[in-house]
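Notes follow once the structure below has been shown.
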Amino acid sequence: MHFKTCTLLAPDLDEVIALLPSPQHALSAITYYCGYVSWYMHLVHLPSFEKKWAHLTAALSSGDDTAGSNDEAVDPFFMATFLGICATGLSMMPAKRAMRDGFDSDKAATVEQWLDAAMLALRCGRFVEAPTLESIRATTILAAFRAFMSTGEAFGTGMALLGLASQAAISIGLHRDPDRSPGRYTLFEAKERRRLFHSLFTLSVLSSSAVARTWTIFDLKMIDVMLPIDAHDEEIENEDAANIALEARARSFSETPMTSVIAKMQLAIISKRIGDAAFGVRGVSYRTVLDFDYVLSHFELSLPECYQVKIDSYGSLLRSTPHITVVEMRTCMLQMSLGTEYLRLHRPFLLVAASNDDYKRSKMQCVLYAKRLLAIIASPSCSQQPWGGLTSKAIAAAVVLAMTCLAFPNDPEIDLFPGLVHRAASQMERHQAASLISKKGAAVLRFLLTKIAAASAAHVHEPTGGIKRVRSANTAFNLHRTNQYSSQFHHDFIPTSSRRSAEDLTHTALEVDLSAFLGSDVFEFGSSNGESPGVDFSFRCP
Numbered sequence: 040m041h042f043k044t045c046t047l048l049a050p051d052l053d054e055v056i057a058l059l060p061s062p063q064h065a066l067s068a069i070t071y072y073c074g075y076v077s078w079y080m081h082l083v084h085l086p087s088f089e090k091k092w093a094h095l096t097a098a099l100s101s102g103d104d105t106a107g108s109n110d111e112a113v114d115p116f117f118m119a120t121f122l123g124i125c126a127t128g129l130s131m132m133p134a135k136r137a138m139r140d141g142f143d144s145d146k147a148a149t150v151e152q153w154l155d156a157a158m159l160a161l162r163c164g165r166f167v168e169a170p171t172l173e174s175i176r177a178t179t180i181l182a183a184f185r186a187f188m189s190t191g192e193a194f195g196t197g198m199a200l201l202g203l204a205s206q207a208a209i210s211i212g213l214h215r216d217p218d219r220s221p222g223r224y225t226l227f228e229a230k231e232r233r234r235l236f237h238s239l240f241t242l243s244v245l246s247s248s249a250v251a252r253t254w255t256i257f258d259l260k261m262i263d264v265m266l267p268i269d270a271h272d273e274e275i276e277n278e279d280a281a282n283i284a285l286e287a288r289a290r291s292f293s294e295t296p297m298t299s300v301i302a303k304m305q306l307a308i309i310s311k312r313i314g315d316a317a318f319g320v321r322g323v324s325y326r327t328v329l330d331f332d333y334v335l336s337h338f339e340l341s342l343p344e345c346y347q348v349k350i351d352s353y354g355s356l357l358r359s360t361p362h363i364t365v366v367e368m369r370t371c372m373l374q375m376s377l378g379t380e381y382l383r384l385h386r387p388f389l390l391v392a393a394s395n396d397d398y399k400r401s402k403m404q405c406v407l408y409a410k411r412l413l414a415i416i417a418s419p420s421c422s423q424q425p426w427g428g429l430t431s432k433a434i435a436a437a438v439v440l441a442m443t444c445l446a447f448p449n450d451p452e453i454d455l456f457p458g459l460v461h462r463a464a465s466q467m468e469r470h471q472a473a474s475l476i477s478k479k480g481a482a483v484l485r486f487l488l489t490k491i492a493a494a495s496a497a498h499v500h501e502p503t504g505g506i507k508r509v510r511s512a513n514t515a516f517n518l519h520r521t522n523q524y525s526s527q528f529h530h531d532f533i534p535t536s537s538r539r540s541a542e543d544l545t546h547t548a549l550e551v552d553l554s555a556f557l558g559s560d561v562f563e564f565g566s567s568n569g570e571s572p573g574v575d576f577s578f579r580c581p
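Structure representation (structure tokens):
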């Protein structure tokens, strides 16, 4: 018996060319992307992108009917990158500006058309069978849009694309540091490979943390690639200029488009280590949790002053200027990722702290970073965006404050928390017509607010199902209301409760099943393949 193997034919490149935006529309979308969107992960080296764009335009304008198939400038993978950037730029563009620049009133339809064309270009170049650096970059751009800049319904698609890009990155050796010996990679080529790999790694890991799922295929034991240097795009084109600029920034801090991105890359490495060690199939001691808390605190204190945030007594973000700046947006995204890691680490022990003061640190950190997350998400930088990633973080933070109201009725800030939860619910309700996750999140928070109101009206002082408070006899346990505390503390105090038992207690104590509202349990902490010490490459020098 003979079997025939069916292969999916790649689309013709002319199909993709026919879907390219007009030069005027492309210029408008790319200009907005470079000015207001590229800061998010800075996936594209803009000077080289502009050169390739000019070559592509010249090739397509030559009038040669065979240009689409023979000209090296007409690279389907670059066309996918080009279309992805255009789609992302137009999606983020205000409606008034889009109409001024000649786009239809329904710009979302144009965005989807360009995204579909980008996927068509990837298939045309056979990016699965023959991945290249450009195809991985294009796939990562499309994945970032689907996973982080949409309303949440396309999150699964975005994560699938990230997984595909991750497999391709490993297949072409991006997880190994490029060889800088003569005749191998230039400084620019090496930095491009490092930047792309760590961007992909960061997006994969931090998105997994945000939704408490283990999606990433990366194993730290397999990775040995330095972080990209903190430099402007034009500086890495010349090695001497790059070295001079690095020496100048070492003497006096100066922000570049890569500064906040590198900080997120360092956080992603910490996050992966936390996920491998603390959220595996085996339970961990509370001492391990505190050790990771110390690592996160050290990272937070190392951030430049421009990336630090403060909130006022009403739970609102203190802003330095009335208008939104790129630095503020970078700060918000970095601090949200950091706050998400703190909540993921400490949330299993929040209700345990209601009955055992040994876990007070977790309660303190949960409240601190839940308030910070909600303040950032309510700020002008984030409040107008119905992104699923923002909404999921807001739900997690608001649920933490609601649980605190129920479990700690005598908390000194108890009067503030319901108002913050209400603000988060109202913000989600404004976006619920466009986002299903916003609709579900608002329903969860409204339900919890009714529980809080009922408990307050009835003067319920034991909302945790009969659990009695027991003050620890361990007098050496002393937590400060700051992120700085002595590492000797970890050796003096080792609570016996594991993460698994804390999760079970959290479920039973609150007696609220949120899965009916969210479709998946917000308290599911994922799984991993065990502990992985990894390779310490956080502060390696190029």
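Once you know that position 121 of the sequence shown is 160 in the working numbering, the rest is easy, because the numbers rise by one and skip nothing. All C-beta atoms, glycine included, are put in the ideal place defined by N, C-alpha and C.
Exercise. Going by the CB atoms, is the gap between LEU154 and ALA119 shorter than 7 Å?
Worked result: Here residue 119 corresponds to residue number 80 of the sequence shown, with the count starting at 1. Here residue 154 corresponds to residue number 115 of the sequence shown, with the count starting at 1. Cβ distance not < 7 Å, so ALA119 and LEU154 don't count as in contact.
Q | Rounded separation between ILE275 and LYS230 - CA only | A | Position 236 of the sequence shown, counting from 1, holds the residue named residue 275. Position 191 of the sequence shown, counting from 1, holds the residue named residue 230. Rounded to the nearest angstrom, the two C-alpha atoms are 7 Å apart.
Go ahead and pull the three-state DSSP assignment for HIS529. Taking the first residue of the sequence shown as 1, we reach residue 529 at position 490. Residue placement at HIS529 cannot be trusted, given a pLDDT of 38 that sits under 50; what the coordinates show is reported in the next sentence. Helix.
**Asked** Going by beta carbon distance, what residues of the same chain come within less than 6 Å of THR583, once the five residues before and after it are set aside?
**Response** Here the chain comprises residues numbered 40 to 581, so residue 583 is not present and cannot be evaluated.
Taking DSSP as the reference, what is the three-state secondary structure of ARG369? Position 330 of the sequence shown holds residue 369. ARG369: helix per DSSP, three-state reduction.
**Asked** In terms of residue numbering, what span does the alpha helix (DSSP H) encompassing TYR79 cover?
**Response** Numbered from its first residue, the sequence shown carries residue 79 at position 40. No alpha helix (DSSP H) holds TYR79; DSSP gives it neither H nor E.
Could you check whether PHE257 and GLY428 sit closer than 7 Å to each other, using their CB atoms as the reference points? Numbered from 1 along the sequence shown, position 389 holds the residue referred to as residue 428. Numbered from 1 along the sequence shown, position 218 holds the residue referred to as residue 257. Result no, Cβ atoms of GLY428 and PHE257 do not sit closer than 7 Å.
### Message
Give me, in chain order, the residues of the same chain whose beta-carbon lies closer than 6 Å to that of ALA433; leave out the 5 immediate sequence neighbours on both sides.
### Response
Locating residue 433 in the sequence shown gives position 394, where the first residue counts as 1. ILE416, ALA463.
Margin query: On the DSSP letters alone, give me the boundaries of the alpha helix (DSSP H) that GLY191 sits inside.
Written below: Position 152 of the sequence shown holds residue 191. Counting along the chain, GLY191 falls outside any alpha helix (DSSP H), and DSSP gives it neither H nor E.
Original post:
Quick one: Cα of LYS490 to Cα of ALA199, how far?
Top reply: For the purposes of this step, residue 490 is identified with residue 451 of the sequence shown, where counting begins at 1. For the purposes of this step, residue 199 is identified with residue 160 of the sequence shown, where counting begins at 1. Straight-line Cα distance between these residues: approximately 38 Å.
Measuring only the C-alpha atoms, how far is ASP450 from LEU440?
As a working note, residue 450 is residue 411 in the sequence shown. As a working note, residue 440 is residue 401 in the sequence shown. Spanning the two alpha carbons is a distance of roughly 11 Å.
Taking 8 Å as the limit between beta carbons, can you name the residues of its chain near LEU242, skipping five residues before and five after? The residue given as residue 242 occupies position 203 in the sequence shown. Here the set comprises MET80, THR179, ALA182, ALA183, ALA186, PHE187, LEU201.
Margin query: If we require 4 or more residues per run, which alpha helix (DSSP H) segments fall completely within the region 398-430?
Written below: 399-416
- Message: Within 8 Å, do at least three Cβ pairs link the region 400-415 to the region 346-366?
- Response: yes
* To do: Verify whether the separation of the beta carbon atoms of SER431 and VAL250 is less than 7 Å.
  => Looking up residue 431 in the sequence shown gives position 392. Looking up residue 250 in the sequence shown gives position 211. Their beta carbons are under 7 Å apart, which means SER431 touches VAL250 by this criterion.
Rounded C-beta distance between TRP78 and MET304? I'm assuming under 8 Å.
The residue given as residue 78 occupies position 39 in the sequence shown. The residue given as residue 304 occupies position 265 in the sequence shown. 14 Å between Cβ atoms; not a contact.
*Start and end residues, alpha helix (DSSP H) containing CYS125*: Your numbering for residue 125 matches position 86 in the sequence shown. Residues 115-131.
**Proximity winner among MET403, PRO86, PRO115, relative to LEU99 (alpha-carbon distances)** = As a first step, residue 99 must be located in the sequence shown, where it is residue number 60. Selected option, being the one with the closest Cα: PRO115.
Q. Shortest alpha-carbon distance to PHE88 belongs to which of VAL76, LEU58, ILE124?
A. Here the question's residue 88 lines up with position 49 in the sequence shown. Considering only alpha carbons, the answer is ILE124.
Round the Cβ separation of THR149 and ASP140 to the nearest angstrom and send it over; I've been treating them as touching at under 8 Å. Taking the sequence shown and counting its residues from 1, one reaches residue 149 at position 110. Taking the sequence shown and counting its residues from 1, one reaches residue 140 at position 101. So it is not a contact: roughly 11 Å between Cβ atoms.
By the DSSP assignment, the alpha helix (DSSP H) with GLY480 in it spans what residues?
Here residue 480 refers to the residue found at position 441 when the sequence shown is read from its first residue. Run containing GLY480: 475-496, per the alpha helix (DSSP H) assignment.
*Other residues of its chain near TYR296: CB distance less than 8 Å, five sequence neighbours each side excluded*: As a working mapping, residue 296 is identified with position 257 in the sequence shown. Per the sequence shown, the amino acid found at residue 296 is Pro instead of Tyr. Cβ within range, chain order: SER77, TRP78, HIS81, HIS271, ASP272.
If you drop the 5 nearest sequence neighbours on each side, which residues of the same chain put their C-beta closer than 7 Å to that of SER376? Locating residue 376 in the sequence shown gives position 337, where the first residue counts as 1. LEU245, LYS303, LEU306.
- Task: Return yes when the Cβ of ALA473 is within less than 7 Å of the Cβ of THR190, no when it is not.
- Result: In the sequence shown, the residue the question calls residue 190 occupies position 151. In the sequence shown, the residue the question calls residue 473 occupies position 434. In contact: THR190 and ALA473 (Cβ atoms closer than 7 Å).
Bridge partners for ASP263 per DSSP, in chain order? Sequence index remark: in the sequence shown, residue 263 carries index 224 (1-based). Partner(s): ARG215.
Check: Using the rule of at least 16 other Cβ atoms within 10 Å of the residue's Cβ for burial, across every protein chain shown, is SER477 buried or exposed?
Finding: Position 438 of the sequence shown, counting from 1, holds the residue named residue 477. SER477 is buried by the Cβ-count criterion.
Note to self: Cutting at 7 Å between CB atoms, please list the residues of its own chain near SER310, excluding the five before and the five after it.
What the structure shows: Here residue 310 refers to the residue found at position 271 when the sequence shown is read from its first residue. Closer than 7 Å at Cβ, skipping near neighbours: VAL244, LEU245, SER248, GLU380.
C-alpha distance - ILE56 paired with VAL113, whole-angstrom precision: Looking up residue 56 in the sequence shown gives position 17. Looking up residue 113 in the sequence shown gives position 74. Computed Cα separation, rounded: 9 Å.
How should HIS84 be labelled, buried or exposed, when 16 other C-beta atoms within 10 angstroms of its C-beta is the threshold for buried? Walking along the sequence shown from the start, residue 84 turns up at place 45. Result: buried.
Worksheet item: Cα-Cα, which of ARG326, PHE331, TYR325 is closest to ARG312?
Response: Here residue 312 is taken as the residue at index 273 of the sequence shown, counted from 1. Per the Cα distances, PHE331.
Q.
Just list the residues that DSSP pairs LEU356 with in beta bridges.
A. Within the sequence shown, numbered from 1, the residue matching residue 356 stands at position 317. Answer is ILE350, bridged to LEU356.
So, helix, strand or coil for ASN395, using DSSP? Within the sequence shown, numbered from 1, the residue matching residue 395 stands at position 356. In the structure shown, ASN395 sits in a strand (DSSP, three-state: E or B).
Handout entry: Cα-Cα separation, PHE292 to ILE283
Key = Stepping through the sequence shown from its first residue, residue 292 is reached at position 253. Stepping through the sequence shown from its first residue, residue 283 is reached at position 244. Rounded to the nearest angstrom, the two C-alpha atoms are 14 Å apart.
* Run through DSSP, which three-state label would ASN282 get? -> For this step, residue 282 is matched to residue 243 along the sequence shown. Helix.
Cβ pair PRO50, ARG162 closer than 7 Å | For this step, residue 50 is matched to residue 11 along the sequence shown. For this step, residue 162 is matched to residue 123 along the sequence shown. Taking 7 Å as the Cβ cut-off, PRO50 and ARG162 qualify as a contacting pair.
- [ ] Locate the alpha helix (DSSP H) running through SER169, then write down its first and last residues.
- [x] Translated into the one-based positions of the sequence shown, residue 169 becomes position 130. The question names Ser, but residue 169 is Ala in the sequence shown. From DSSP, ALA169 is part of no alpha helix (DSSP H); its letter is neither H nor E.
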